[in-house]
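Peer 1: These protein sequence lines are chains V and U, in that order.
The opening residue of the first sequence carries number 3 in our numbering; numbering runs sequentially from there.
The opening residue of the second sequence carries number 3 in our numbering; numbering runs sequentially from there.
After the structure tokens below, expect a handful of questions from me.
There are 2 protein chains.
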Amino acid sequence: MSEQTIGVFDSGLGGLTAVRELIKILPGEDIVYFGDTARVPYGTRSRDTIRKFAMQDLRFLLDKNPKAVLVACGTISSVALSDLRAMTEIPVIGVVEPTARAACNATRNGKIGILGTSATVKSQSYQTAIGAIDPSIQLTAQACPLFVPLVENGYLDHPITELAVKEYIAPLQEAGVDTVILGCTHYPLLKPVLGRILGDHVTLIDSGKEAALALAAALKAQNQLSSAAEGQRRYYVSDEVGNFSHIAGMFLNQNIDGAVEKVSVKTDD
Amino acid sequence: MSEQTIGVFDSGLGGLTAVRELIKILPGEDIVYFGDTARVPYGTRSRDTIRKFAMQDLRFLLDKNPKAVLVACGTISSVALSDLRAMTEIPVIGVVEPTARAACNATRNGKIGILGTSATVKSQSYQTAIGAIDPSIQLTAQACPLFVPLVENGYLDHPITELAVKEYIAPLQEAGVDTVILGCTHYPLLKPVLGRILGDHVTLIDSGKEAALALAAALKAQNQLSSAAEGQRRYYVSDEVGNFSHIAGMFLNQNIDGAVEKVSVKTDD
Chain V
3 MSEQTIGVFD
13 SGLGGLTAVR
23 ELIKILPGED
33 IVYFGDTARV
43 PYGTRSRDTI
53 RKFAMQDLRF
63 LLDKNPKAVL
73 VACGTISSVA
83 LSDLRAMTEI
93 PVIGVVEPTA
103 RAACNATRNG
113 KIGILGTSAT
123 VKSQSYQTAI
133 GAIDPSIQLT
143 AQACPLFVPL
153 VENGYLDHPI
163 TELAVKEYIA
173 PLQEAGVDTV
183 ILGCTHYPLL
193 KPVLGRILGD
203 HVTLIDSGKE
213 AALALAAALK
223 AQNQLSSAAE
233 GQRRYYVSDE
243 VGNFSHIAGM
253 FLNQNIDGAV
263 EKVSVKTDD
Chain U
3 MSEQTIGVFD
13 SGLGGLTAVR
23 ELIKILPGED
33 IVYFGDTARV
43 PYGTRSRDTI
53 RKFAMQDLRF
63 LLDKNPKAVL
73 VACGTISSVA
83 LSDLRAMTEI
93 PVIGVVEPTA
103 RAACNATRNG
113 KIGILGTSAT
123 VKSQSYQTAI
133 GAIDPSIQLT
143 AQACPLFVPL
153 VENGYLDHPI
163 TELAVKEYIA
173 PLQEAGVDTV
183 ILGCTHYPLL
193 KPVLGRILGD
203 HVTLIDSGKE
213 AALALAAALK
223 AQNQLSSAAE
233 GQRRYYVSDE
243 VGNFSHIAGM
253 FLNQNIDGAV
263 EKVSVKTDD
């Protein structure tokens, strides 16, 4: 990997929804991904623990000398982005701000729903970001603590997932939202069931995708885009390769077995 | 805490099902509990990661100078017990062996079901233990990867939990088991819904309780029981106190707010 690499990280598999978009819009870029699969999920943990884990994760990625980092995790973006930005001079792009902008552009009735982890909802990150763009917008936020375990265990379209979706979106439906932010990068993996239950009249905003678009725009503005035809991608995880490799390969629609490696991130307590 | 303390640990809340039993049968004992709430769940992680985390947890407890340690976690007991025993001279009691014995005593038709984490089921720990007691017993094991997230997030008796229970017990019902091992110490928190769906003719074996009984017998045999009327209990967790304190207090049926402390366990990679 050269200094041309884009670093991407998440607590687990979810950040791959951003990687998939990056590959689509910037196929020539080298990407190095880190998923903290030994400590996933983050979204039910405390602010302090999330910040500690996130800073350890970023330190691992910075050793790979990236030109920019995508924080492909709604939880980390919501509670630790300023801590992460203080660690480096390179651009560190989170999901919240670009996603908030996309949702404000998408809504027709001014009513937006947010699905996120407990930590994301508690942080009020989306309320702050959307309030700064258009304070007249009505927000309804719902924590979905079971979504990450459902995704990480492969329950992508299953009656249990369907029941969880119905429960979590009820307050959003009651509020009459026409736009729903998938505030955690794991959630686009639940799009089939979410779309089916929410219906066509509701626009789903994919936070991983919006963050990938924002990163591409930032690199373009700084003339830092790669000129290669096809980039190299390398995936690191903190737990066993096998499980990740399998689900990730299915999700990215390519076999990545040889490109995944297990590593230990440095901890300091 | 004196050298009279009993150490108990688990990945999170589950081990409290063993603590509740210990308090009931040995009210005079001091107990020091550790729940690794910053890294829960363990049961969906790899063998190597579970062993690493478990050894770090035990090291923390050994610094408290206990007279014995109860490994109140089915996953750790299944994959790391010998590693833990190699770290100390004091008795280290796991859940598998006493629970296997209790299940063999309880079954009338020789058909036993095991509900456990993915790691526990993969380890075949119960198959080995029960095979050594009575090789004629027919075992049906089922991994239940959603149970720990359901419990840790407070979905103790909820339609989503009910649906997960129905799915996981189907193969056990098909096999005609009359005895079901709750192979993870989180699962007794799901007893109301498990009992309702399995019915009265099925005996539930609580692994935390069986391990607590085994520990009490071991201490008695070595004349190490405390003579105090009421022991002191201290709870340590690796993430925020608040959430744990609340659910733990409800579960133990006493307010333990002042007795819970957040700590960092030493990691070494």
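Each residue gets a CB set at the ideal place from its N, CA and C atoms; glycine is no exception.
Could you name the residues of chain U that V:E242 contacts, counting a contact when the two beta carbons are closer than 8 Å?
Peer 2: Counted from its first residue, the first sequence places residue 242 of chain V at position 240. What V:E242 touches in chain U: R47, S48, D50 and T51.
Peer 1: Report the residue from U:I132, U:I171, U:V265 and U:V153 whose alpha carbon sits nearest the alpha carbon of U:A145.
Peer 2: Translated into the one-based positions of the second sequence, residue 145 of chain U becomes position 143. When each option's Cα is compared against that of U:A145, the closest is U:I171.
Peer 1: Reducing DSSP to helix, strand and coil, say where U:I207 ends up.
Peer 2: Locating residue 207 of chain U in the second sequence gives position 205, counting from the first residue. In this structure, U:I207 counts as strand in the three-state DSSP scheme.
Peer 1: Against U:E169, what residues of chain V qualify as contacts under a CB-to-CB distance less than 9 Å, listed in chain order?
Peer 2: Your numbering for residue 169 of chain U matches position 167 in the second sequence. In chain order: H160, P161 and I162.
Peer 1: With DSSP run on the structure shown, which of helix, strand or coil describes V:D12?
Peer 2: Position 10 of the first sequence holds residue 12 of chain V. Residue state, collapsed to three classes: strand.
Peer 1: Closest to V:E263 by C-alpha separation, out of V:L254, V:S240 and V:T269, would be which residue?
Peer 2: Walking along the first sequence from the start, residue 263 of chain V turns up at place 261. Closest option to V:E263, Cα to Cα, is V:S240.
Peer 1: For the beta strand (DSSP E) containing U:E263, list its first residue and its last residue.
Peer 2: As a first step, residue 263 of chain U is located in the second sequence; it is residue number 261 there, counting from the start. V262 to K264 is the extent of the beta strand (DSSP E) around U:E263.
Peer 1: In whole angstroms, what separates the C-alpha of V:T163 from that of V:L152?
Peer 2: Within the first sequence, numbered from 1, the residue matching residue 163 of chain V stands at position 161. Within the first sequence, numbered from 1, the residue matching residue 152 of chain V stands at position 150. Rounded to the nearest angstrom, the two C-alpha atoms are 7 Å apart.
Peer 1: Answer with buried or exposed for U:T109, where buried requires no fewer than 16 other C-beta atoms within 10 angstroms of its C-beta.
Peer 2: Here residue 109 of chain U is taken as the residue at index 107 of the second sequence, counted from 1. Label assigned to U:T109: buried.
Peer 1: Give me the chain U residues within the contact set of V:R41, using Cβ-Cβ distance strictly less than 7 Å, ordered along the chain.
Peer 2: The count along the first sequence starts at 1 and reaches residue 41 of chain V at position 39. Residues of chain U passing the Cβ test: R41.
Peer 1: So with Cβ pairs under 8 Å, would you call V:S4 a contact of chain U?
Peer 2: Within the first sequence, numbered from 1, the residue matching residue 4 of chain V stands at position 2. Here V:S4 scores only 43 on pLDDT, less than 50, and its place in the model is too uncertain to base an answer on.
Peer 1: Report the residues of the region 144 to 159 of chain V with a CB closer than 9 Å to any CB of chain U, ordered along the chain.
Peer 2: So the close ones are P147, L148, V150, P151, L152, E154, N155, G156 and Y157.
Peer 1: Output the distance between the C-alpha atoms of V:G205 and U:P93, rounded to the nearest integer angstrom.
Peer 2: Within the first sequence, residue 205 of chain V is the residue found at index 203, counting from 1. Within the second sequence, residue 93 of chain U is the residue found at index 91, counting from 1. For the record, residue 205 of chain V in the displayed sequence is Thr; it is not Gly. The straight-line gap from Cα to Cα measures roughly 59 Å.
Peer 1: How many Å lie between V:G260 and U:L200 at the Cα?
Peer 2: Locating residue 260 of chain V in the first sequence gives position 258, where the first residue counts as 1. Locating residue 200 of chain U in the second sequence gives position 198, where the first residue counts as 1. Looking at the two C-alpha atoms, the distance is approximately 45 Å.
Peer 1: Does the region 113 to 133 of chain U come close enough to the region 216 to 236 of chain U that 3 or more CB-CB pairs lie under 8 Å?
Peer 2: Counting Cβ pairs under 8 Å, fewer than three are found: no touch.
Peer 1: Can you tell me which of V:L165, V:T181 and V:G156 puts its alpha carbon nearest to the alpha carbon of V:A102?
Peer 2: As a working mapping, residue 102 of chain V is identified with position 100 in the first sequence. Of the candidates V:L165, V:T181 and V:G156, the one whose C-alpha sits nearest the C-alpha of V:A102 is V:T181.
Peer 1: Does the beta-carbon distance from V:A213 to V:P100 come in below 8 Å?
Peer 2: The sequence position of residue 213 of chain V within the first sequence is 211, counting from 1. The sequence position of residue 100 of chain V within the first sequence is 98, counting from 1. For V:A213 and V:P100, yes; Cβs fall inside 8 Å.
Peer 1: List the endpoints of the continuous alpha helix (DSSP H) containing U:L86.
Peer 2: Translated into the one-based positions of the second sequence, residue 86 of chain U becomes position 84. Start and end: G76 to R87.
Peer 1: Determine the contact status of U:Y35 and U:V73, defining contact as a CB-CB distance below 8 Å.
Peer 2: Taking the first residue of the second sequence as 1, we reach residue 35 of chain U at position 33. Taking the first residue of the second sequence as 1, we reach residue 73 of chain U at position 71. The answer is no: Cβ separation not under 8 Å.
Peer 1: Spatial neighbours of U:D208 within its chain, please: CB distance less than 7 Å, with the 5 preceding and 5 following residues excluded, ordered by chain position.
Peer 2: Taking the second sequence and counting its residues from 1, one reaches residue 208 of chain U at position 206. Taken in chain order, the residues that qualify are T19, L184 and P190.
Peer 1: Flag this pair as yes or no: are the beta carbons of U:G2 and U:G37 separated by less than 8 Å?
Peer 2: Nothing can be reported for residue 2 of chain U: it is not among the residues displayed for chain U, which extend from 3 to 271.
Peer 1: Taking Cβ positions, are U:L141 and U:I114 nearer each other than 8 Å?
Peer 2: Taking the first residue of the second sequence as position 1, residue 141 of chain U is located at position 139. Taking the first residue of the second sequence as position 1, residue 114 of chain U is located at position 112. Their beta carbons are under 8 Å apart, which means U:L141 touches U:I114 by this criterion.
Peer 1: In this structure, does DSSP put V:V150 in helix, strand or coil?
Peer 2: Position 148 of the first sequence, counted from the first residue, corresponds to residue 150 of chain V. In the structure shown, V:V150 sits in a helix (DSSP, three-state: H, G or I).
Peer 1: How would you label V:P43, buried or exposed, when you count the other beta carbons within 10 angstroms and need 16 or more for buried?
Peer 2: Numbered from its first residue, the first sequence carries residue 43 of chain V at position 41. So V:P43 ends up on the buried side.
Peer 1: Thinking C-beta only, is V:C106 closer than 8 Å to V:R78?
Peer 2: The residue you call residue 78 of chain V lines up with position 76 of the first sequence. The residue you call residue 106 of chain V lines up with position 104 of the first sequence. Per the sequence presented here, residue 78 of chain V reads as Ile, with Arg not at that position. No; because the gap between Cβ atoms is not below 8 Å, this pair is not in contact.
Peer 1: What are the residues that DSSP puts in a beta bridge with U:S34?
Peer 2: Counting from one through the second sequence, the residue named residue 34 of chain U turns up at place 32. This sequence places Val at residue 34 of chain U; Ser is not what is there. Looking at the DSSP assignment, U:V34 forms a beta bridge with U:G9 and U:R236.
Peer 1: Can you pull the chain U residues whose beta carbon is under 7 Å from the beta carbon of V:L165, in chain order?
Peer 2: Taking the first residue of the first sequence as position 1, residue 165 of chain V is located at position 163. Those are P161, I162 and L165, listed as they occur along chain U.
Peer 1: Looking at the structure shown, is U:K113 part of a helix, part of a strand, or coil, going by DSSP?
Peer 2: Here residue 113 of chain U refers to the residue found at position 111 of the second sequence. Strand, per DSSP.
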